[in-house]
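**Student:** These protein sequence lines map, in sequence, to chains H and P.
Its first residue numbered 204, the first sequence is counted upward by one per residue in my numbering.
Its first residue numbered 3, the second sequence is counted upward by one per residue in my numbering.
Glycine included, every Cβ here is placed at the ideal spot set by N, Cα and C.
Values in this document were obtained by computation on a predicted structure and should not be read as measured data.
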Amino acid sequence: MKKAILILMLLAVLAGNVSALDAERKVMDNGLIVLHSQRTNLPMVVVNLLIKASPLDVDAKKAGLADLTAGMLSEGTGRRTAEQISEEVEFIGAAIGADADDDYTTISMSVLKKDIDKGFDVFTDVLLNPVFPSKELENMQGRIVGSIRQSEEDPQYIAGVEFGKAVFGEHPYGRPVSGSVESVTVISRSDLVGFHRKYYAPNNSILSVVGDISSDELMDIMKKYFSGWTRRDIPMRPTYEVSVIDSPKIIKIDRELTQANIVLGHIGIERKDPDYHAVSVMNFILGGGGFSSRLMQRVRDELGLAYDVHSFFMSAKQKGYFQAGVQTKNEAANKVIREILVQIERMISEDVSKEELDGAKAYLTGSFPRRLDTMSKLSGLLAQVEFYGLGMSYEKDYIAGINKVTIEDVRRVANKYLYPDRYVLVVVADQDKAGIKDSP
Amino acid sequence: MRKCIYIFLFAVMLLPACLSAEVMEDRLDNGMKVLIIEDHKAPVATFQVWYKVGSRDEPAGKRGISHLLEHMMFKGTPKYGSKVFSQMIKNNGGVDNAFTTRDHTAYFQILSSDRLDISIELEADRMRNLLLDPKELEAEARVVMEERRLRTEDDPQNLLFEEVIAAAFKAHPYKYPVIGWMSDLSSIDRDDMADYYNKYYSPDNAFIIVVGDVDAGEVLKEIRAAFGPIPKGAARPEVATEEPEQSGEKRVYLEKEASLPYILIAYHVPNFPDEDSYALDVLSSILSGKSGRLYRNIINGDKVAVNAFGEYLSDYLDPMLFILGGTALPGKDIEEVETALIEEIEKIKRIPPLEREVQKARNQVEAAFIMGQDSLYSQARVIGSFEMLGGWRLKDRYVDGIRNVKPEDVQRVARKYFVKNNRTVGILMPRSNSKGKNMR
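(1) Taking the straight line between their C-alpha atoms, what separation do you get for Ile-232 of chain P and Arg-117 of chain P?
(2) When the Cα of Tyr-176 of chain P is compared with those of P:Gly-294, P:Gly-250 and P:Pro-61, which residue comes out closest?
(3) Mind listing the chain P neighbours of Val-348 of chain H? Cutoff is C-beta to C-beta under 7 angstroms, in chain order.
(4) Can you tell which of H:Lys-452, H:Asp-511, H:Lys-427 and H:Glu-505 has the C-alpha that lies nearest to the C-alpha of Asp-328 of chain H?
(5) What does the alpha-carbon distance come out to for the pair Asp-225 of chain H and Pro-572 of chain H?
(6) Return the residues of the segment 505 to 526 of chain H that lie within a Cβ-Cβ distance of less than 9 angstroms from chain P, sorted by chain order.
(7) Just to confirm the assignment: which complete beta strand (DSSP E) runs, minimum length 3, are found wholly within the segment 342 to 420 of chain H?
(8) Nearest by alpha-carbon distance to His-42 of chain P: which of P:Ser-387, P:Asn-406, P:Ser-377 and P:Lys-81 is it?
(9) Going by beta carbon distance, what residues of the same chain come within less than 7 angstroms of Thr-442 of chain H, once the five residues before and after it are set aside?
(10) At 3 residues or longer, and completely inside the segment 57 to 132 of chain P: list those beta strand (DSSP E) runs for me, N to C.
(11) Residues in the segment 327 to 357 of chain P with C-beta within 7 angstroms of chain H's C-beta atoms, listed in sequence order?
(12) Taking only beta-carbon atoms, is Pro-45 of chain P less than 7 angstroms away from chain H?
(13) Looking only at its chain, what residues have a beta carbon closer than 8 angstroms to the beta carbon of Met-212 of chain H, apart from the 5 residues adjacent to it on each side?
(14) Against chain P, does Leu-467 of chain H count as a neighbour if the rule is that its beta carbon must be under 7 angstroms from one of theirs?
(15) Examine chain P for any beta-carbon lying closer than 7 angstroms to the beta-carbon of Pro-333 of chain H, and answer yes or no.
(16) For Ile-319 of chain H and Ile-465 of chain H, which I take to be in contact (beta-carbon distance under 8 angstroms), what is that distance rounded to the nearest angstrom?
(17) Kindly indicate which residue of P:Asp-193, P:Asn-200, P:Ser-279 and P:Ile-167 has the alpha-carbon position closest to the one of Ile-267 of chain P.
(18) For chain H, check one thing: does any of its Cβ atoms lie closer than 7 angstroms to the Cβ of Ala-23 of chain P?
(19) In chain order, what residues of the same chain lie with their CB nearer than 8 angstroms to the CB of Val-348 of chain H, ignoring the 5 residues before and after it?
(20) Which residues of chain H have a Cβ atom closer than 9 angstroms to the Cβ of Gln-366 of chain P, listed in chain order?
(21) Quick check on the burial criterion: 16 or more other C-beta atoms within 10 angstroms. Buried or exposed for Ile-301 of chain P?
(22) Determine the chain H residues that contact Ile-112 of chain P at a beta-carbon separation under 9 angstroms, and present them in chain order.
(23) Runs of 4 residues minimum, wholly inside the segment 346 to 400 of chain P: which ones carry the alpha helix (DSSP H) assignment?
(24) Can you grab the Cα-Cα spacing for the pair Phe-429 of chain H / Asp-402 of chain P, in whole Å?
(25) Just to make sure I have the definition right: I need the residues of chain P whose C-beta is within less than 7 angstroms of the C-beta of Leu-330 of chain H. Which are they?
(26) Between which two residues does the alpha helix (DSSP H) carrying Met-195 of chain P extend?
(27) Show which residues of chain P have a CB atom less than 8 angstroms away from the CB atom of Arg-503 of chain H.
(28) With a 10 Å radius around its C-beta and 16 neighbouring C-beta atoms as the bar for buried, classify Tyr-307 of chain H as buried or exposed.
(29) Within a Cβ cutoff of 6 angstroms, which residues of the same chain sit near Val-249 of chain H, ignoring the five residues on either side of it in sequence?
(30) When you compare each of H:Arg-458, H:His-480 and H:Arg-615 to Glu-355 of chain H by their alpha carbons, which one comes out closest?
(31) Check the DSSP bridge columns for Ala-330 of chain P and list the partner residues they point to.
(32) Taking the alpha-carbon positions, what's the Ser-446 of chain H to Gln-546 of chain H distance?
(33) Please state the DSSP three-state secondary structure of Thr-433 of chain H.
(34) Can you confirm whether Met-165 of chain H, when its beta carbon is compared against all beta carbons of chain P, has any partner nearer than 7 angstroms?
(35) So, is the C-beta of Ala-260 of chain P closer than 7 angstroms to a C-beta in chain H?
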């Protein structure tokens, strides 16, 4: 659940009409899918390797294993110590990072063109030969425990964790990607070795390369650095059931705060849902469209009760969720919660205006070029389009999909996917001052 | 542009000259400077207006007025009503926002380069014709109070930062937070705001930056037509206060509900482009990153901190601070973190850093300059920061200055500024949750 908003933004990005997704797609002999887009405006290269390895592949007791495995890649290999890895990468002003998300693990790199060889040498070393040294693992676990404790100072983090648990129950999406203090500490070196061996396979991965590198140069790199990566059988990824709760569930957490941190929402839709476009337009009008959204206009502009108020649908491989979020002074909490529910109910009971519909569509389609205007954005996007099976003509399909949405569609999907009487509400606040009502 | 790349590869020393050549500079008769960079990689552009006014310029009792005015800039003119500007940008697939610092206030849009006319027309309009409706002002002050609760009051680490800055400065207005005080925010009325706006928002106190897929000559013509008729403002007072030398360590403590203790150690240092600023920047590099000394020795070595940093606040109009900081690992005392941070500086005072460490800092600066150009927005922001400090050409001086730093320079500045009498130490002492059990 860690990077939910980011995922959504990256996905919402797939709008517009520009020939920016003009990548070359190849499947290597070992099953690795390679996406390549040459851009010569700057002497640099950005790489994203997406591996289908995530909390979906991890038992609840070991929650955090996918992210810890990613984080430990650069803590030592057969050829380099952790110190050598960071020194070699940072000495050339490059960056290599790895982490897990709800659906996959990403290893990314940005490097100057003149250092491409050095970059891929280290990149493939950490990918293929990590040894997960016990001492470094222990240090890392200590730091993760520390940073989880630190996150617990953040009321929005607390609200997010409680929301995930309540909405998803036993589904891995309901757990923080980095795990809990308890789960992280029981993970052993052999868990990491096993996870890496099982899932870090070429036929389970997508490599996206964007920048000042030609097709021939890339193929040389592939031969030189990736040829030792061999195909393996991948365990089946389990699927999990989740359902909508049948009545509102209110969770109150008492902290010494001046503001109530409020999240309200429920199960949403998966990324491949045919209603994805209509839902995007609907949510843009409700709370996704920044200053032009209804929530922002009402709660911030008219009432002056919040700095930020928003809603989003996080749509992943196996389901997703809808969430509205806001912070307001404790005393105004009930009023703002009521207002959010009113706006959700309005989406269901009334048609949106033609102006709102057109504005949402204009933004969602017109923002496409801007969202692909850097090498990093394009590289990340190419890998995601492939992973979610959206197809190389995605840009066209997306534009068409958004443009097709009607006022009736918006009302229909609001009815189908918003549940103003079956939500989870989490309020982290000074509860004496907030006095949250049991039926808002 | 292409030529630029090859010059860089073959002769690194030519890089600055090459980067500078891309900027087209012009000054209107009313004193407003215009900087344009053509970058044709995507059909997108950013338009930015920077005003030379920030919290440093605010009168007593009106702390936060610069930032509140930034909010009011979105509340319309007689010609274009409240939020109309943002709405027009959004309907064209763009984004807009603004930021206020201690020294300046800047507004930006990122949008399709063929719709830059919207930015030009509406930025010119709101430079002169802001409505400042009293009702809107009152609502917006409440929004900013929520912003203060969100970012400062309920965030113990940010609150400590506010305390440390306030303690470190006794004379210079940098001591006041940009967001202002609750009492001041509620006392700022329409007349205060109109006076402030008329005093500081004029073409001779602003500059424009355009970066993107544009024809510089064409854009300049449009800018001249829109901004040219706006008259110069009256003379404005300059902040002449110099912070007197500190002669004794200051310590501040903050007790808040938090999970881990946190420390900030601030030293008064000169700002860029002082001769010592380059070595201070390199010092910050040597401490930072995973291969940096703080990670190696304090986080991973002694294992006393979850995180630690050494940040040089260099890009201010007047001398600011170099801040060391860190969060204690669970079970460790904050005194251990304090001792460890100070010891890292003492080591450099005793023995100069390695030539390789200094070289790494140079490489990182150069790589960051190239990679930073991947984003139009950050290109413009870098140019704007240098322009604020005296002229965008200082960018070249910065790269040269970093290149000329020797290990002995780093040792010299460590000895000169990192002395006990010149430091302010702030410590966040966590207080456990006195609110009792979570309620369900």
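**Tutor:** Straight from the coordinates:
(1) So the alpha carbons of these two residues sit roughly 22 angstroms apart.
(2) P:Pro-61
(3) Pro-332
(4) Selected option, being the one with the closest Cα: H:Lys-427.
(5) 13 angstroms
(6) Near chain P, meaning a CB-to-CB distance below 9 angstroms, the residues of the segment 505 to 526 of chain H are Glu-505, Leu-506, Gly-507, Leu-508, Ala-509, Tyr-510 and Asp-511.
(7) 408 to 414
(8) The candidate whose alpha carbon is nearest that of His-42 of chain P is P:Ser-377.
(9) Gln-521
(10) Entirely contained in the segment 57 to 132 of chain P, the beta strand (DSSP E) runs reaching 3 residues are, in chain order, 97 to 102 and 107 to 114.
(11) Answer in chain order: Thr-329, Leu-331 and Pro-332.
(12) Yes, because at least one Cβ of chain H sits closer than 7 angstroms to the Cβ of Pro-45 of chain P.
(13) Low per-residue confidence applies at Met-212 of chain H: pLDDT is 37, beneath 50, and the placement is therefore not dependable, though the value from the model is reported in the following sentence. Cβ within range, chain order: n/a, list empty.
(14) no
(15) no
(16) Cβ atoms of Ile-319 of chain H and Ile-465 of chain H stay farther apart than 8 angstroms, at about 48 angstroms.
(17) P:Ile-167
(18) Low confidence applies to Ala-23 of chain P: its pLDDT is 41, below 50, so where it sits in the model is not reliable enough to give any reading.
(19) Val-384, Val-387 and Thr-388
(20) By Cβ distance, chain H contributes Glu-293, Phe-294, Ile-295 and Gly-296.
(21) With 16 or more neighbouring CB atoms inside 10 Å of its own CB, Ile-301 of chain P falls in the buried class.
(22) Residues of chain H whose Cβ lies closer than 9 angstroms to the Cβ of Ile-112 of chain P are, in chain order, Arg-573 and Asp-576.
(23) 357 to 374 and 378 to 390
(24) 39 angstroms
(25) By Cβ distance, chain P contributes nothing, its closest Cβ being about 17 angstroms from Leu-330 of chain H, past 7 angstroms.
(26) 192 to 202
(27) Val-145
(28) buried
(29) Ser-313, Val-413, Gly-414, Met-578, Ser-579 and Ser-582, listed in sequence order.
(30) H:Arg-458
(31) P:Ala-307
(32) 24 angstroms
(33) Coil at Thr-433 of chain H, not helix or strand.
(34) As displayed, chain H neither begins before 204 nor continues past 643, which places residue 165 of chain H out of reach and without an answer.
(35) At least one chain H Cβ lies under 7 angstroms of Ala-260 of chain P.
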